[in-house]
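Q: Dropping a structure here in structure tokens format, bear with me for questions.
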Amino acid sequence: MSFWFNTDLPTEELAQQLLGCLLIKETEEGVTSGWIVETEAYLGEMDQAAHSFGLRKTPRLEAMYQSAGTIYIYQMHTHTMLNIVAKEAGDPQGILIRALEPHSGVELMEQRRNMSGLGVTSGPGKLTKAMGITREDYGTSISEPPLYLSSDQRRIPKNIIASPRIGIPNKGKWTDEPLRFTVGGNPYVSRKKGTVDLDLGWQ
DNA sequence: TCATTGATGTTCT
DNA sequence: GAACATCAATGAC
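Counting the first sequence from 1 gives a position; our numbering is that position plus 325.
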């Protein structure tokens, strides 16, 4: 099976390659999918902002120590976050999926979010609710249903914008490190600033 | 067992 | 732009 990730690449490069991949979630209610337009890299052992900083290992972090492509789910403030493990087993680096451009199942996503428009998937907690992603998906593989990536329908970003990560103050240089990657000009990016391109930033 | 703390989102000003 | 809702994981005891 051909797949997107290559554990020889640095996590921050994998995070950029994820932009434009189609994420698909199958549920009993229906299938939803969307293109990834925003990611953040978490560099594990050396990254003070990562849960796995210093190779800390707790039951919650179990999936981070699995092999690349394992799904790590984290919940806070009643919100669920979706991460994908980026390196081989024992090297707890991961990529946070922060925003999607909806593709199919849009009505179902709007129904789950009880709203329509750009706000449906423009944030890490929002997209998981829109797609019905829960801790049930914890530890499963990103290459197998019900939650998986498609490389068939992938889009290529025209520009990739790097910027500091969101919501991690007081972490020294890691607060300012440009490990957040977005599709330039795409309106579904969270905390968007700047203009929106007519082609939404895709090639 | 209990207190603290967020990789956030919504709402109000 | 700032407050707060709201809860599970974590770590101290």
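Virtual Cβ for every residue (Gly too), placed ideally from N, Cα, C.
Quick caveat: nothing in here was measured; it's all calculated off a predicted structure.
Consult DSSP for M440 and reduce its assignment to one of helix, strand or coil.
A: The sequence position of residue 440 within the first sequence is 115, counting from 1. Three-state DSSP puts M440 in coil, outside helix and strand.
Q: Relative to the alpha-carbon of G492, which residue among A455, A374, E353 and V362 has its alpha-carbon at the smallest distance?
A: On the first sequence, position 167 is the one that residue 492 refers to. Looking at the Cα atoms, A374 is the closest of the given residues.
Q: Measuring CA to CA, which of G355, G444, G450 and E432 is closest to Y399?
A: Position 74 of the first sequence, counting from 1, holds the residue named residue 399. Checked all of G355, G444, G450 and E432; the closest Cα to Y399 is G450.
Q: Take the Cβ of A388 as the centre, count every other Cβ of all protein chains shown within 10 Å, and call the residue buried at 16 or more, exposed below.
A: Residue 388 sits at position 63 when you count from the first residue of the first sequence. Classification for A388: buried.
Q: Any idea which residues DSSP pairs S358 with across the strands?
A: Residue 358 sits at position 33 when you count from the first residue of the first sequence. Answer is I349 and S429.
Q: Name the two residues that bound the continuous alpha helix (DSSP H) containing Q342.
A: The count along the first sequence starts at 1 and reaches residue 342 at position 17. First-last of the alpha helix (DSSP H) with Q342: T336 to L343.
Q: Ends of the alpha helix (DSSP H) at M286?
A: The question about residue 286 has no answer, for the chain in this structure spans 326 to 528.
Q: Within the continuous beta strand (DSSP E) that includes T507, where are the two ends?
A: Translated into the one-based positions of the first sequence, residue 507 becomes position 182. Its beta strand (DSSP E) spans residues R505 to V508.
Q: With the cut-off set at 8 Å, would you say M456 and M440 are in Cβ contact?
A: Your numbering for residue 456 matches position 131 in the first sequence. Your numbering for residue 440 matches position 115 in the first sequence. Against a cut-off of 8 Å, the Cβ pair of M440 and M456 comes out as no contact.
Q: Could you pull out every unbroken beta strand (DSSP E) segment of at least 3 residues lying fully inside the stretch 459-526, listed in chain order?
A: 472-475, 485-488 and 505-508
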